[in-house]
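A.B. asks: The structure follows.
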Amino acid sequence: MNTQELLKPFNMKELTIPTRIVMAPMTRNFAKDNIPGSDVAAYYRRRAENKVGLIITEGTVVEPRTGHGYPNVPDFKGDEALKGWKNVVDNVHEAGGKIFPQLWHAGSVRRKGTPPDPSVPGYGPSAVIHPFYTDNKETPEEMTSEEINSVVSAFGEAAKQAEAIGFDGIEIHGAHGYLIDQFFWEATNKRSDSYGGSTLADRMQFAVEVVNTIREKVSKNFPVCFRFSQWKMGDFKTKLASNPQELEQFLDTLVEAGVDIFHCSTRRFHEPEFSGSDLNLAGWTRKLTGKPVITVGSIGLDLDFVSDIMGAGTSNLSPKSIDQLIDRLEKNEFDLVAVGRALLADYEWVTKIVEGRFDEINVFTKAALMELK
């Protein structure tokens, strides 16, 4: 197992990422008053000190009034929140790492009663109950054109502030059935205006406007990453693109808008995306666009996130998974590797992997979600 492959630097625009390991964004719910504190800064710093080349933060909300789906999630708006994020950036940089914030709006996943303002309902592309909430009869409100414009502007302003306080790039959360993905998904987007339509290509206008606005607000060489997924909360088997041709059209539209790198979210990175090829979603994305890509999904573990969290079993360390990962990395199927639960459970995970200290690794259990280690 040539684990040194994980430690090679990667260059993108004017940015050099010191290793190929990325910390995947993971919601932690430890931001009191929606402000990242010194404990959050220390949490990210520990990973950067242990060979994680790029930190992608937990989802951080660009429009706090409507954008929260869960309690104690950090904002990316307001002096105190941005001051907290500046401290996070400084700590990661002092440890030798690079860092992107993940810019996020939960959309119709939000339900009335959610902090910080419990009176605010969920908002989405259409007045459609999110499939994740099959037992809930609370219908979200359909966003007006003015509300859409306001959220698009919020993404742009957040990206501008991210560059101003020293982040190395930004990631747009366009995955997993949250707001941007709700516009993509036919189950949640029933609009008949320019933001809706019967095909995926018809439903891309909102995402295009978000990317365009961000590109206008940041400098030319500031990297813009876009995270997308086929699966959604509420439907783990759905596919936005059912074949490579549909995927190519989707990706080309985002590249034209200004995306520099794609974060391709799958439940199991080693599974092929389409029949007739061993390429995973990141591999196809790299092949079709020529852009850098990040792969993610059950790296180092033998259970995917959904099975793990739903209690189907307990994840164990999977050297086979790591072996497959390195083999695909050496073949240039993807450029960077995002590690989630394994890094959450053990901030020294990368150090232990490359030093061959497999028996010392702390394996993920749900108890790891209860503390910020």
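The working numbering puts the sequence shown at residues 25 to 397.
Cβ coordinates follow ideal geometry from the N, Cα and C atoms, glycine included.
How many whole angstroms separate the CB atoms of Pro268 and Lys37, which I take to be in contact at a CB cut-off of 8 Å?
C.D. replies: No, Pro268 and Lys37 are not in contact; Cβ-Cβ is about 27 Å, not under 8 Å.
A.B. asks: On the criterion of 16 or more Cβ atoms from any shown chain inside 10 Å, does Thr223 qualify as buried, or is it exposed?
C.D. replies: The residue in question, Thr223, is exposed, as its Cβ has fewer than 16 Cβ neighbours within 10 Å.
A.B. asks: DSSP three-state call for Met50: helix, strand or coil?
C.D. replies: coil
A.B. asks: Residue range of the alpha helix (DSSP H) that Gln185 falls in?
C.D. replies: 169-188
A.B. asks: Which residue comes first and which comes last in the beta strand (DSSP E) that contains Lys122?
C.D. replies: Counting along the chain, the beta strand (DSSP E) containing Lys122 begins and ends at 122-128.
A.B. asks: Would you decide whether Gly314 is buried or exposed? Buried here means 16 or more other CB atoms lie within 10 Å of its CB.
C.D. replies: exposed
A.B. asks: Could you spell out where the beta strand (DSSP E) holding Ile285 opens and where it closes?
C.D. replies: DSSP places Ile285 in the uninterrupted beta strand (DSSP E) bounded by 285-289.
A.B. asks: Taking just the CA atoms, how far does Ala188 sit from Ala336?
C.D. replies: Low confidence applies to Ala336: its pLDDT is 47, below 50, so where it sits in the model is not reliable, and the reading given next is rough at best. Spanning the two alpha carbons is a distance of roughly 44 Å.
A.B. asks: May I have a chain-ordered list of the alpha helix (DSSP H) segments no shorter than 4 residues that lie completely inside the segment 259-330?
C.D. replies: 268-281, 305-313
A.B. asks: What are the boundary residues of the beta strand (DSSP E) that Ile196 is part of?
C.D. replies: Its beta strand (DSSP E) spans residues 194-197.
A.B. asks: Roughly how many angstroms separate the alpha carbons of Ile45 and Gln126, rounded to a whole number?
C.D. replies: 17 Å
A.B. asks: Are the beta-carbon atoms belonging to Tyr94 and Asn58 less than 8 Å from one another?
C.D. replies: no
A.B. asks: Determine the direct distance from the alpha carbon of Lys355 to that of Lys56, and round the result to whole angstroms.
C.D. replies: One alpha carbon belongs to Lys56, the other to Lys355, and they sit about 43 Å apart.
A.B. asks: Among the residues of its own chain, which have a CB less than 6 Å from the CB of Ala265, if the five just before and after it don't count?
C.D. replies: Leu271, Phe274
A.B. asks: Looking at Arg352: is its Cβ nearer than 8 Å to the Cβ of Ser322?
C.D. replies: no
A.B. asks: If we ignore side chains and look at the alpha-carbon of each, how far apart do His197 and Ser62 end up?
C.D. replies: For His197 and Ser62, the distance between alpha carbons rounds to 24 Å.
A.B. asks: Between the Cα of Gly258 and those of Met47, Ala48, Pro155, Val374, spot the shortest distance and give me the residue it belongs to.
C.D. replies: Relative to the Cα of Gly258, the nearest Cα in the group Met47, Ala48, Pro155, Val374 belongs to Pro155.
A.B. asks: For Tyr15, name the three-state secondary structure that DSSP assigns.
C.D. replies: For residue 15 there is no data in the structure shown, the boundaries of the chain being 25 and 397.
A.B. asks: Give every residue of the same chain whose Cβ lies closer than 6 Å to the Cβ of Phe250, excluding the five residues on either side of it in the sequence, and list them in chain order.
C.D. replies: Ile196, Gly198, Leu278, Val283, Phe286
A.B. asks: Identify the continuous alpha helix (DSSP H) that holds Asn35 and give its terminal residues.
C.D. replies: Segment 34-36 is the beta strand (DSSP E) holding Asn35; no alpha helix (DSSP H) there.
A.B. asks: How close, in whole Å, do the beta carbons of Ile79 and Gly121 come, if the pair is a contact with beta carbons under 8 Å?
C.D. replies: Confirmed, about 6 Å.
A.B. asks: Grouping DSSP H, G and I as helix and E and B as strand, with all else coil, what is Glu83?
C.D. replies: Strictly speaking, residue 83 in this sequence is Gly, with Glu absent from that position. In this structure, Gly83 counts as strand in the three-state DSSP scheme.
A.B. asks: Nearest to Gly180 by CA position, among Phe100, Trp209, Gly201, is which residue?
C.D. replies: Phe100
A.B. asks: At what residues does the beta strand (DSSP E) containing Ile41 begin and finish?
C.D. replies: 39-41
A.B. asks: What residues in its chain sit with their C-beta under 7 Å from that of Lys263, if we drop five residues either side in the sequence?
C.D. replies: Once the five neighbours on either side are set aside, the close Cβ partners of Lys263 are Gln254.
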